[in-house]
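Accompanying notes for the structure given below.
Protein chains in written order, with my numbering: chain A, 284 to 396; chain B, 6 to 236.
Structure, rendered in structure tokens:
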């Protein structure tokens, strides 16, 4: 969706966290991204290389850790795990599911030298 | 030789936006302003419906209204809103595909909001990105017109999941374009079992009383909660 502005947000956080003079470079950044966060990984990687240019994170590896999608089924009122947003309930086959998470967009950690 | 080490961050990528949104929300709450974030695809009739809403609110003496208009370019929409007598600020996002908390905070400063008024934020016509950006609003209201196809909520579920209510607009056109209004509602409930739906027409005024009633009820509930908290 808006991978470019997400990367700009990450750059701000990473630059702050890497501001100390004893950090010369960021080599890896790990994100946790939910199934329903609407992030396109190829677009994210493309935007990453462009946006990080000129910062301490230029050339850093972007690693994305997937988080499963969870939803509450309004037919059987059970919280279930689903792969895709429009999947039916794996328990009862119901079609009315409301996401209960899986939209995480977190910067977990980063490796620096 | 410096050594590689790990720094824990655990920060939301949208945390900066969320901070701006929280600031907006606090300012709105302090003034008892009820804020609505109108989201839809381009051409759903957002601005026409908003103009009709503002006129109907004035007739019903529902208090002051102000508008923040988001578009990539032009001031056309803010000009249309001002014709209704309501103050409007146009935000041009340029290449941007959504309004964010920072832009809305700036726009609020220009509007000099009155206490206990209603703020409409008309987002950029886009069913994808605005779903993820909190502006500090009380509710996202999705507008979906009957010419868009019954499967729109299934194609763009995130926006309809984030919205509290959907206004199914242009229902006066339904007889001319072979649409199944019930199927629109079924598909909306499939992606968001809690969503409320009102069928409206900005052109004929159908459904506007229900929509105004929804606004009045939710604004009163917000102000009531704020008063209780202050006691």
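Glycine included, C-beta positions come from ideal geometry on N, C-alpha and C.
Q. If you measure beta-carbon to beta-carbon, which residues of the region 360-393 of chain A are closer than 9 Å to chain B?
A. Residues passing the 9 Å Cβ filter: 368, 369, 378, 379, 380, 381, 382, 386, 387, 388, 389, 390, 391, 392, 393.
Q: Kindly say whether residue 334 (chain A), judged by its beta-carbon, lies nearer than 8 Å to any beta-carbon of chain B.
A: Here residue 334 (chain A) is taken as the residue at index 51 of the first chain, counted from 1. No - not a single Cβ of chain B is within 8 Å of the one on residue 334 (chain A).
**Q.** Buried/exposed call for residue 24 (chain B), threshold 16 Cβ in 10 Å
**A.** Position 19 of the second chain holds residue 24 (chain B). Burial call: exposed.
Q | Pairwise C-alpha distance: residue 394 (chain A) and residue 176 (chain B) | A | For the purposes of this step, residue 176 (chain B) is taken as residue 171 along the second chain, with counting starting at 1. For the purposes of this step, residue 394 (chain A) is taken as residue 111 along the first chain, with counting starting at 1. Straight through space, the alpha carbons of residue 394 (chain A) and residue 176 (chain B) are spaced by roughly 55 Å.
Q. Just checking, does the region 22-42 of chain B make contact with the region 215-228 of chain B on the three C-beta pairs under 8 Å criterion?
A. Verdict: yes, contact present.
Q | Closest residue to residue 396 (chain A) among B:12, B:77, B:74 (Cα-Cα distance) | A | Start at 1 with the first residue of the first chain, and residue 396 (chain A) comes out as number 113. With distances taken between Cα atoms, residue 396 (chain A) lies closest to B:12.
Q. Beta-carbon of residue 397 (chain A) versus every beta-carbon of chain B: anything under 8 Å?
A. Any property of residue 397 (chain A) remains undetermined from this structure, which presents chain A solely from 284 to 396.
Q. Roughly how many angstroms lie between the CA atoms of residue 122 (chain B) and residue 86 (chain B), to the nearest whole one?
A. Residue mapping note: residue 122 (chain B) aligns to position 117 of the second chain, counting from 1. Residue mapping note: residue 86 (chain B) aligns to position 81 of the second chain, counting from 1. Going from the Cα of residue 122 (chain B) to the Cα of residue 86 (chain B) covers about 16 Å.
Q) At which residue ranges does the region 319-346 of chain A contain complete alpha helix (DSSP H) runs of 4 or more residues, listed in the order of the chain? A) Annotation note: the region 319-346 of chain A contains the following uninterrupted alpha helix (DSSP H) runs of length 4 or greater, listed N- to C-terminal: 324-334.
Q: Look at the alpha carbon of residue 216 (chain B) and the alpha carbon of residue 293 (chain A), and state the distance between them as a whole number of angstroms.
A: Position 211 of the second chain, counted from the first residue, corresponds to residue 216 (chain B). Position 10 of the first chain, counted from the first residue, corresponds to residue 293 (chain A). So the two alpha carbons sit approximately 39 Å from each other.
(Q) So residue 158 (chain B) contacts chain A; which residues on that side make the cut at Cβ distance below 8 Å? (A) On the second chain, residue 158 (chain B) is found 153 positions in, with the first residue counted as 1. The premise fails here: residue 158 (chain B) is roughly 10 Å from chain A at the closest Cβ pair, so nothing lies under 8 Å.
(Q) One question on the structure: do residue 109 (chain B) and residue 140 (chain B) come within less than 8 Å of each other, judged by their Cβ atoms? (A) If you number the second chain from 1, residue 109 (chain B) lands on position 104. If you number the second chain from 1, residue 140 (chain B) lands on position 135. It is a contact, given that the beta carbons lie within the stated cut-off.
Q: Report back the beta-carbon spacing between residue 346 (chain A) and residue 313 (chain A) to the nearest angstrom; my notes put them in contact at under 8 Å.
A: Within the first chain, the letter at position 63 stands for residue 346 (chain A). Within the first chain, the letter at position 30 stands for residue 313 (chain A). Confirmed, Cβ separation roughly 5 Å.
Q. Chain B beta carbons: is any one of them nearer than 8 Å to that of residue 344 (chain A)?
A. Within the first chain, the letter at position 61 stands for residue 344 (chain A). Residue-level contact check: residue 344 (chain A) does not touch chain B, since none of the beta carbons of chain B fall below 8 Å from its beta carbon.
Q. Should residue 151 (chain B) and residue 186 (chain B) be called a contact, given that it needs their Cβ atoms to be closer than 8 Å?
A. Position 146 of the second chain holds residue 151 (chain B). Position 181 of the second chain holds residue 186 (chain B). Cβ distance < 8 Å, so residue 151 (chain B) and residue 186 (chain B) count as in contact.
Q.
Short of 7 Å in beta carbon distance, which residues of its chain neighbour residue 331 (chain A), apart from the five on each side in sequence? Order them along the chain.
A. Within the first chain, the letter at position 48 stands for residue 331 (chain A). Closer than 7 Å at Cβ, skipping near neighbours: 290, 345.
Q. Enumerated in chain order, which unbroken segments of the alpha helix (DSSP H) with a length of 4 residues or greater are wholly contained in the region 8-95 of chain B?
A. With a minimum length of 4 residues, the continuous alpha helix (DSSP H) runs that stay inside the region 8-95 of chain B are 20-35, 51-64, 81-87.
(Q) 8 Å is my cut-off, CB to CB: does residue 163 (chain B) come that close to chain A? (A) Here residue 163 (chain B) corresponds to residue number 158 of the second chain, with the count starting at 1. So, interface residue.
**Q.** Pairwise C-alpha distance: residue 315 (chain A) and residue 88 (chain B)
**A.** Taking the first residue of the second chain as 1, we reach residue 88 (chain B) at position 83. Taking the first residue of the first chain as 1, we reach residue 315 (chain A) at position 32. Between residue 88 (chain B) and residue 315 (chain A), the C-alpha separation is close to 47 Å.
Q | Minimum C-alpha distance to residue 67 (chain B) - residue among B:231, B:50, B:220, B:228 | A | In the second chain, residue 67 (chain B) corresponds to position 62, counting from 1. The option with the nearest alpha carbon to residue 67 (chain B) is B:220.
Q. Are the C-beta of residue 195 (chain B) and some C-beta of chain A separated by less than 8 Å?
A. For the purposes of this step, residue 195 (chain B) is taken as the residue at position 190 of the second chain. Chain A, which has a Cβ nearer than 8 Å to the Cβ of residue 195 (chain B), makes this yes.
(Q) Using a Cβ-Cβ cutoff of 9 Å, what residues of the region 11-33 of chain B are near chain A? List them in chain order. (A) Contact annotation: in the region 11-33 of chain B, residues whose CB is within less than 9 Å of a CB in chain A are 11, 12, 13, 14, 15, 16, 17, 18, 19, 20, 21, 22.
Q: Quick one: list the residues of chain B neighbouring residue 352 (chain A), beta-carbon separation under 8 Å, in chain order.
A: In the first chain, residue 352 (chain A) corresponds to position 69, counting from 1. The contacting residues do not exist; residue 352 (chain A) stays about 11 Å from chain B at best.
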